[in-house]
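S.K.:
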Amino acid sequence: MRIIFCSDYWNPLSPDSAYEAESGVVESLHLNYSLINFEALVEQENAARAVHKVEPAPTGELAIYRGWMLKPHVYERLYTALAAKGLLLVNTPAAYTHCHYLPGSYHLIEGFTPRSTWLKTGPDISIDAVMAALHQFAGRPVIVKDFVKSRKHEWGEACYIPSASDRQSVERVIIRFLQLQGADLNEGLVFREFVEFEPLTTHSKSGMPLIKEFRLFILDGQIISSTPYWEEGRYGNDKYEFPPLDLFDHVVQKIQSRFFTMDVAKKRDGAWNIVELGDGQVAGLPARADTKAFYQALIGL
129 MRIIFCSDYW NPLSPDSAYE AESGVVESLH LNYSLINFEA LVEQENAARA VHKVEPAPTG
189 ELAIYRGWML KPHVYERLYT ALAAKGLLLV NTPAAYTHCH YLPGSYHLIE GFTPRSTWLK
249 TGPDISIDAV MAALHQFAGR PVIVKDFVKS RKHEWGEACY IPSASDRQSV ERVIIRFLQL
309 QGADLNEGLV FREFVEFEPL TTHSKSGMPL IKEFRLFILD GQIISSTPYW EEGRYGNDKY
369 EFPPLDLFDH VVQKIQSRFF TMDVAKKRDG AWNIVELGDG QVAGLPARAD TKAFYQALIG
429 L
């Protein structure tokens, strides 16, 4: 198995500083890793240059990318360029998109996740079309995001809409969201019903409300890691109340990806809910996670 990290912009022979801890653990476990040039891949759209320093594998070797998020067409370029060097990323481009874009897997988690609807659009959006899509929420609060990311740290400004029927609030939040996303907008807008989860604390910098959320990493249908999502706040006095892992097993088996994440949280009524899915290769490892245990589980040691 080969781990694929992005190289550091200022020091191309070293992994990106954001993945320094992970690369250190990989080295301690005597795992092989290679570095790709993220800027060449994304900004220059030159996948061949991005993987230029990746050592080829003599036969098909499993590879897992641990790096920054990629739009699906960029991930496909990386997948193809690495495959030409004998390295096969754990998730195909279709599997990557399946979990990276919420609409791709929503039908499999519907009923276990906040009610959602979406509009495929660019920066020029019809508020009339938005209000028609929001009619189903009957004035309840919603959050807005694109197919991948929200602006949750600009909570009241570009994420949370107190009433789906309040056209003025809807328009204000959406316009600001689109301004902040700019060229990073992924496919369109997703609207999700705001659900009352068990509160954790208020984010010290952005002021957004945090919930007692957990991130699960799943590999080949098995949960290999379950960790509190947020670094701030107290999840419990002596030990965490981890989510019952078998509760989501029937959903896990339906997801069309080998390696993905499932973020879960408990609602105020006591029921556990899926917050969202993500591709396991571009999902951050929470600060409270045991990085060594994560990689040991990842490679089956």
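The sequence shown begins at 129 in this note's numbering and counts up by one. By construction, the Cβ of each residue, glycine as well, lies at the ideal position given by its N, Cα and C atoms.
1) Answer yes or no: do ASP418 and GLU341 have a C-beta to C-beta separation smaller than 7 Å?
2) Consult DSSP for VAL276 and reduce its assignment to one of helix, strand or coil.
3) Mind checking which residues open and close the beta strand (DSSP E) that includes TRP246?
4) Using a 10 Å radius around the Cβ and a threshold of 16 neighbouring Cβ atoms, would you call ILE255 buried or exposed?
5) Which residues in the same chain as PHE370 place their Cβ atom closer than 6 Å to its Cβ, once the five residues preceding and following it in sequence are excluded?
6) Could you pull out every residue in the same chain whose Cβ sits closer than 7 Å to the Cβ of LYS213, ignoring the five residues on either side in sequence?
7) Of all the CB atoms in chain C, is at least one closer than 7 Å to the CB of GLY214?
8) Just to confirm, are SER244 and VAL318 a CB contact at a threshold of 7 Å?
9) Entirely within the region 371–424 and at least 4 residues each: give me those alpha helix (DSSP H) ranges in chain order.
10) Quick one: what's GLY316 bridged to in DSSP?
11) For CYS134, write down the residues that DSSP places opposite it in a beta bridge.
12) Applying the criterion that 16 or more other CB atoms from any shown protein chain within 10 Å of the CB defines a buried residue, is THR329 buried or exposed?
13) What are the boundary residues of the beta strand (DSSP E) that PRO337 is part of?
14) Return the first residue and the last residue of the beta strand (DSSP E) that SER354 is part of.
15) What's the gap between the Cα of LYS248 and the Cα of GLU155?
16) Flag GLY412 as yes when its Cβ comes closer than 6 Å to any non-hydrogen atom of the ligand FMN, and as no otherwise.
17) Using the three-state DSSP reduction, which class does PHE265 fall into: helix, strand or coil?
18) Can you tell me which of the three DSSP states TYR229 falls into?
19) Under the three-state reduction of DSSP, which class applies to VAL202: helix, strand or coil?
20) Check the C-beta distance from GLN309 over to ASP274 and give it rounded, since I have them as a contact under 8 Å.
21) Output yes or no for whether 7 Å exceeds the beta carbon distance between LEU347 and PHE387.
22) With DSSP as the reference, label PRO221 as helix, strand or coil.
23) Among SER293, PRO327, ILE351, which residue has its Cα nearest to the Cα of ALA260?
M.R.: Reading from the atomic positions:
1) Counted from its first residue, the sequence shown places residue 418 at position 290. Counted from its first residue, the sequence shown places residue 341 at position 213. No. Outside cutoff.
2) Taking the first residue of the sequence shown as position 1, residue 276 is located at position 148. If DSSP states are grouped into helix, strand and coil, VAL276 belongs with coil.
3) Indexing the sequence shown from 1 puts residue 246 at position 118. 244–248 is the extent of the beta strand (DSSP E) around TRP246.
4) Here residue 255 refers to the residue found at position 127 when the sequence shown is read from its first residue. Looking at its Cβ environment, which holds fewer than 16 other Cβ atoms inside 10 Å, ILE255 is exposed.
5) Walking along the sequence shown from the start, residue 370 turns up at place 242. Correct list, in chain order: SER354.
6) As a first step, residue 213 must be located in the sequence shown, where it is residue number 85. Taken in chain order, the residues that qualify are VAL179, VAL182, PRO184, ALA185.
7) No chain C appears in the structure shown, which is made up of a single protein chain.
8) Position 116 of the sequence shown, counting from 1, holds the residue named residue 244. Position 190 of the sequence shown, counting from 1, holds the residue named residue 318. Yes. Within cutoff.
9) 377–380
10) Position 188 of the sequence shown holds residue 316. Answer by DSSP bridge pairing, in chain order: LYS248.
11) What you label residue 134 is simply residue 6 of the sequence shown in a count that begins at 1. Looking at the DSSP assignment, CYS134 forms a beta bridge with ILE164.
12) Translated into positions along the sequence shown, residue 329 becomes position 201. By the 10 Å Cβ count, THR329 comes out exposed.
13) The residue labelled residue 337 in the question sits at position 209 within the sequence shown. Here the beta strand (DSSP E) through PRO337 covers 337–339.
14) As a first step, residue 354 must be located in the sequence shown, where it is residue number 226. 350–356 is the extent of the beta strand (DSSP E) around SER354.
15) The residue given as residue 248 occupies position 120 in the sequence shown. The residue given as residue 155 occupies position 27 in the sequence shown. Using only the alpha carbons, I get a separation of about 42 Å.
16) This structure does not include the ligand FMN; it has no bound ligands of any sort.
17) Here residue 265 refers to the residue found at position 137 of the sequence shown. Residue state, collapsed to three classes: helix.
18) The residue labelled residue 229 in the question sits at position 101 within the sequence shown. The answer is coil: DSSP assigns TYR229 none of H, G, I, E or B.
19) In the sequence shown, residue 202 corresponds to position 74, counting from 1. DSSP places VAL202 in helix when its eight states are reduced to three.
20) As a position in the sequence shown, residue 309 is number 181, starting the count at 1. As a position in the sequence shown, residue 274 is number 146, starting the count at 1. Their Cβ separation, rounded to whole angstroms, is 6 Å, which keeps GLN309 and ASP274 in contact under 8 Å.
21) On the sequence shown, position 219 is the one that residue 347 refers to. On the sequence shown, position 259 is the one that residue 387 refers to. Yes, the Cβ-Cβ distance between LEU347 and PHE387 is below 7 Å.
22) For the purposes of this step, residue 221 is taken as the residue at position 93 of the sequence shown. It is helical.
23) Position 132 of the sequence shown, counted from the first residue, corresponds to residue 260. ALA260 has its Cα closest to that of SER293, out of SER293, PRO327, ILE351.
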